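Asks:
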Amino acid sequence: MKKFVFIVIAILFSSTKNAQETKKNVVKINSLLLISNIYDVQYERVLNDRSTLQLGFGIGRTNNYDLNDFQELYLDFFGKTLNNPRDTHHRKEIISVNFDYRHYLRNHKAPKGFYIGPGIQYMKYKERLSALELESNGHSDNEELYTEQIKQRDLELYNVRALLGYQFLVAQNISINPYAGPSFVFGDTDESFEREDENLTGFGLNFGVGIGLVF
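Everything in the sequence shown is counted per the numbering used here, starting at 3 for the first residue and increasing by one.
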């Protein structure tokens, strides 16, 4: 019995020591998206010395009032403009989920060093534009009459990408991860608001700087 207990303690001690020496988890946020009030959190898990998998989730909302380019946005989304709009408001909401594979290069062990790999991201956008529109020839007691106009469209996009980056480990516990790469985007929007000349399919560029903790 004492021998068995000793073996168990030895195994636990060895596992703890290896866990301390080998860091297999990274949790980080995309610092560039914070500027746009979007919170994008990524979790990277080491599979072996050269491979990792990364899962991510993003959510955000932006509100813009009294836009100078409101008419241009409205025309772009819905194919027309409003008559002398005022109190304009543009709200955008986004939810995203991504799955990426990373292959680390050179002599570094994951999760440190150069890497390259494919990934796919699902994004759901909801855009809402509202304004008070001046009624044509609409007057009441010599006052101009305005009608509230609200339009909304939903978009679902898929982003297939290939990313190249480098993950720095500062003091072995802090990750700084700049990356960039091409992508191909496709998806659809609400049929009631889709313009005939609108094309949601095309090539793009993904880039960012992840900052987080390694453990």
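Glycine included, every Cβ here is placed at the ideal spot set by N, Cα and C. For clarity, every value in this text was computed on a predicted model and none was experimentally measured.
Report yes or no: do three or more beta-carbon pairs, one from the segment 96-109 and one from the segment 148-156, lie closer than 8 Å?
Replies: Contact between the segment 96-109 and the segment 148-156 is absent, because fewer than three Cβ pairs lie under 8 Å.
Asks: Might you give, ordered along the chain, the residues of its own chain that have their beta carbon closer than 8 Å to the beta carbon of threonine 90, omitting 5 neighbours on each side?
Replies: Excluding residues within five positions, the ones whose Cβ falls inside 8 Å are Tyr67, Asp68, Leu69, Phe72, Leu131, Ser132, Ala133.
Asks: Does the contact criterion of 3 or more C-beta pairs under 8 Å hold for the segment 87-103 versus the segment 24-35?
Replies: Too few Cβ pairs lie closer than 8 Å, so no.
Asks: If you follow the alpha helix (DSSP H) that leucine 77 is in, where does it begin and where does it stop?
Replies: Note, leucine 77: alpha helix (DSSP H), 72-80.
Asks: Which residues mark the beginning and the end of the beta strand (DSSP E) in which asparagine 65 is found?
Replies: 53-67 is the span of the beta strand (DSSP E), which, as asked, contains asparagine 65.
Asks: Let me make sure I understand the geometry here. Which of Val211, Gly62, Pro87 has the alpha-carbon closest to that of tyrosine 127?
Replies: Here the closest residue by C-alpha is Gly62.
Asks: With DSSP collapsed to three states, give me the class of leucine 131.
Replies: It is a strand residue.
Asks: Between Tyr45, Leu55, Pro87, Tyr124, which has its C-alpha nearest leucine 147's C-alpha?
Replies: That would be Pro87, whose Cα lies nearest to the Cα of leucine 147.
Asks: For valine 43, I'd like the list of residues in its chain whose CB is within less than 8 Å of its CB, leaving aside the five on either flank, ordered along the chain.
Replies: Here the set comprises Val29, Lys30, Ile31, Gly58, Phe59, Gly60.
Asks: Helix, strand or coil for leucine 157, going by three-state DSSP, please let me know.
Replies: Of the three classes helix, strand and coil, the one that applies to leucine 157 here is strand, per DSSP.
Asks: Starting from asparagine 86 and walking both ways along the beta strand (DSSP E), at which residues does that stretch end?
Replies: Taken as a continuous stretch (DSSP letters only), asparagine 86 belongs to no beta strand (DSSP E), as it is neither H nor E.
Asks: Looking only at its own chain, which residues have a Cβ that is under 8 Å from the Cβ of leucine 75, when we skip the five neighbours before and after it?
Replies: Excluding residues within five positions, the ones whose Cβ falls inside 8 Å are Leu69, His92, Leu131.
Asks: Nearest to phenylalanine 209 by alpha carbon, out of Leu215, Ala182, Asp190, Phe217?
Replies: Nearest option by C-alpha distance: Ala182.
Asks: Within the 8 Å Cβ cut-off, does serine 138 reach chain B?
Replies: Although the question refers to chain B, the structure presented lacks it and comprises just one protein chain.
Asks: Just how far apart, CA to CA, sit glycine 115 and phenylalanine 217?
Replies: If you take the alpha carbons of glycine 115 and phenylalanine 217, they lie about 16 Å apart.
Asks: Expressed to the nearest angstrom, what Euclidean distance is found between the alpha-carbon atoms of isoleucine 118 and leucine 215?
Replies: Looking at the two C-alpha atoms, the distance is approximately 21 Å.
Asks: In the DSSP assignment, find the unbroken beta strand (DSSP E) run with asparagine 50 in it and report its ends.
Replies: No beta strand (DSSP E) holds asparagine 50; DSSP gives it neither H nor E.
Asks: Which residues in the same chain as tyrosine 41 place their Cβ atom closer than 8 Å to its Cβ, once the five residues preceding and following it in sequence are excluded?
Replies: Correct list, in chain order: Ile31, Leu35, Gly60, Ile61, Gly62.
Asks: The beta strand (DSSP E) with proline 184 in it runs from where to where?
Replies: Run containing proline 184: 176-191, per the beta strand (DSSP E) assignment.
Asks: For the beta strand (DSSP E) holding asparagine 32, just list the boundary residues, first then last.
Replies: Run containing asparagine 32: 27-32, per the beta strand (DSSP E) assignment.
Asks: What is the DSSP secondary structure of leucine 107, counted as helix, strand or coil?
Replies: Note: leucine 107 maps to coil in three-state DSSP.
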